[in-house]
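Participant: For the sequence shown, the residue numbers in full-length UniProt numbering are 1 to 422. Could you have a look at this structure, given as C-alpha cells, before my questions?
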Amino acid sequence: METAQHLTQSHPAIEKQFIGQDGRPVITLRGRSAAIDIGNTEVNCIFGSEKSRFVFPNVIAEMPFDDVLEQENDILEGLRVKIDSPALNRKWGTLAVGQLAARQQDERREISPGSIKANEDQSFIVFLTALAVDAVKHFAVKNGVCLATYCLSGGLPISEFKNKELRKQFKQKMTSGVHKVTFLETASPYRHVEVHLEVFDVKLSSEGQAANLELTTDAFGGYKPLPGTEGNYMILDNGGGTLDCAVILAGGKTDNERSKGEQKLGINKTLDSILDSIYAKYNVTFESRKQLADHILASRKGSPLSTQVKDILVQGKPKQIQDIVDGHLRRYAQTIYEYMKRKWSEVSNCQSAYFIGGASNLIRPYLSELNRGEGMAGEYVIYFLDPNQSFWILAEAYHKIGVYHREHGKKRKIVLIPPQAP
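What follows is the structure, given as C-alpha cells:
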C-alpha cells in the first residue's frame, strides 16, 4: 500500500492523504477555493463554499511609498500593496490596485487591447491581490503574517487557451513558490499585514466553454434547458480586450476548430475613444473605463434597450455626451454584428447566438436595432442575458468547474476544510 510520502510532496496545509477506493490519491487540504474572472475591465471574485464575492477595477498604478493617502474604511477602496512573487516578470514598486489605482490619473495602467492575459504581470498582480484580500478575512494572522493556501479556478480567452505552452506557463507561475503580498497604509485589519500565498492547485478553462457550462447546467451540474440550444449554437463573449466565439454542437460538445478568439474586437479601444472625445471636448475625464461603462448602463435606468446617456457635470453645469457615446457604440456594434453574421455562415445549421460579457450589455440596444429584434422575432435568433447574470457568468462557471475538478479530477481528489479562524 502506498504511504503518504508517495502520494504527494509534503505541504503544511495537507491534513491527511490516502489512496481512495477508485485508486486516486485523496488529499484533505486546509485551505479555500477561489474562482476569479480576470476581465479586461473588472476582476470578479468568488471564494469558498459560501460563495463570498467582490469585484474591483482591473487597474494598477505604481506610486511612491511615501505618498500621503487618506486611509479608506473599505479595503477595496484603498488597495495599496507590495508584491514579491515568482510569477512576475519584473520587480514592481508600491502598487495601488483597483479603485485607488483608477484615481491615479497619470500613473494608472489598464490592460492594453490585444495583450496576452496569460503573460501579463497585471493579471498576476490582481489575482494575488484578490487572494490576499480574502486571506486576511479567513486565515489566522500571527505577528503580522498570514499564511494562506488556495485552490484556484480561472480561465483564459479561447486564443490563449488553445496554446498548451501558455496554459502550462500560467499554471507553473501560480503554483511555483510562495507569493508575498504586503498591505501598506490601508484599512484595518489589513494594514501592514504580510500575506504568504500558496496556490496548491490550478484549474484553467476556456472562457467560452466555461460560459456554456454555466448557461446549460444548474447549481448541481444537471442539464438546464435553454432556448435555441437544441442544435448547434454560438456563444459570443464580448469583453474588454477580446471577442470570443465558442461554437457549441448539438449535444453540448465544443467545436474547437471553429471556436475562435479575436484579440482586436474587444470594446476597450472604443471606450478609450469615447474617453478621449469627452476629454477633447470638455477637458474632463472618467477615472477608468469601468466608471464610463457604469455611467452608460446607469443612464438606461434598468431598460436594456435604451440608448439614453446622462449628462455629465462640467464646472457644475450639465453637458451632454449622448452624441459622443452613441456614435462610438453604434460603430462598434456594427463591427460586432458583421462578425456574428460571418461566423453564422461558417456554422452549419446554427440555431442561435448568445451574447454575454460586459461589452454585450453596452451595445445590446444597437445590436437589437441592427437585428430588428431579439429571439425568434429578429432577423437572426440572438439572445442576451440579464446584465447581472452576464456580469458574473464566468466567475460562477469557474466556481462550478473548480468544485467538480476537486471532486472528480483524474489525478487526485482534493477535499477542502476551512482554515483556522483569524
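Glycine included, every Cβ here is placed at the ideal spot set by N, Cα and C.
Going by other Cβ atoms of all chains shown within 10 Å of its Cβ, with 16 needed for buried, is Q99 buried or exposed?
Facilitator: buried
Participant: Given H405, which residues of its chain have a CB within under 6 Å of its CB, disregarding the five upstream and five downstream residues?
Facilitator: Closer than 6 Å at the Cβ level, and outside the excluded window around H405, lie K203.
Participant: In chain order, what are the residue ranges of uninterrupted beta strand (DSSP E) at least 3 long that sit wholly in the stretch 29-69?
Facilitator: Those beta strand (DSSP E) runs which fall completely within the stretch 29-69 and span 3+ residues are 32-38, 42-47, 52-57 and 59-62.
Participant: Taking DSSP as the reference, what is the three-state secondary structure of R372?
Facilitator: coil
Participant: Starting from K168, trace the beta strand (DSSP E) in both directions and tell me its first and last residue.
Facilitator: Premise fails: K168 lies in the alpha helix (DSSP H), K164 to T175, not in any beta strand (DSSP E).
Participant: From the DSSP output, in three-state form, read off V145 for me.
Facilitator: strand
Participant: Please confirm whether E379 has its beta-carbon closer than 9 Å to some beta-carbon of chain D.
Facilitator: The question asks about chain D, but that chain is absent: this structure has only one protein chain.
Participant: Run the CB neighbour count on S368, radius 10 Å, all protein chains shown included, and call it buried at 16 or more, exposed below.
Facilitator: buried
Participant: Can you name, in chain order, every residue of its own chain whose Cβ lies under 7 Å from the Cβ of L76, other than the five neighbours on each side?
Facilitator: F54, F56, G98 and Q99
Participant: With H, G and I counted as helix, E and B as strand and the rest as coil, what does DSSP make of T182?
Facilitator: Three-state DSSP puts T182 in a strand.
Participant: Report yes or no: do three or more beta-carbon pairs, one from the stretch 136-146 and one from the stretch 402-420, lie closer than 8 Å?
Facilitator: yes
Participant: Where does S49 land, buried or exposed, given buried means 16+ other C-beta within 10 angstroms?
Facilitator: exposed
Participant: Alpha carbon to alpha carbon, what distance is there between T94 and T186?
Facilitator: 13 Å
Participant: For I321, does the three-state DSSP call read helix, strand or coil?
Facilitator: I321 sits in coil when the DSSP states are folded into three classes, being neither helix nor strand.
Participant: Look up Y398 in the DSSP assignment and give the residues it is bridged to.
Facilitator: Listed as beta-bridge partners of Y398 by DSSP are no residues whatsoever.
Participant: Just the Cα atoms here: how many angstroms apart are V178 and V314?
Facilitator: 48 Å
Participant: Out of curiosity, what's the CA-to-CA distance linking F200 and G154?
Facilitator: 14 Å
Participant: Identify the residues that DSSP records as bridge partners of A352: which are they?
Facilitator: Contrary to the premise, residue 352 reads as Ser rather than Ala in this sequence. Answer is Y233.
Participant: Measuring alpha carbon to alpha carbon, tell me which residue in P225, T285, L166 and Y383 is nearest L236.
Facilitator: The residue with the shortest Cα to Cα distance from L236 is Y383.
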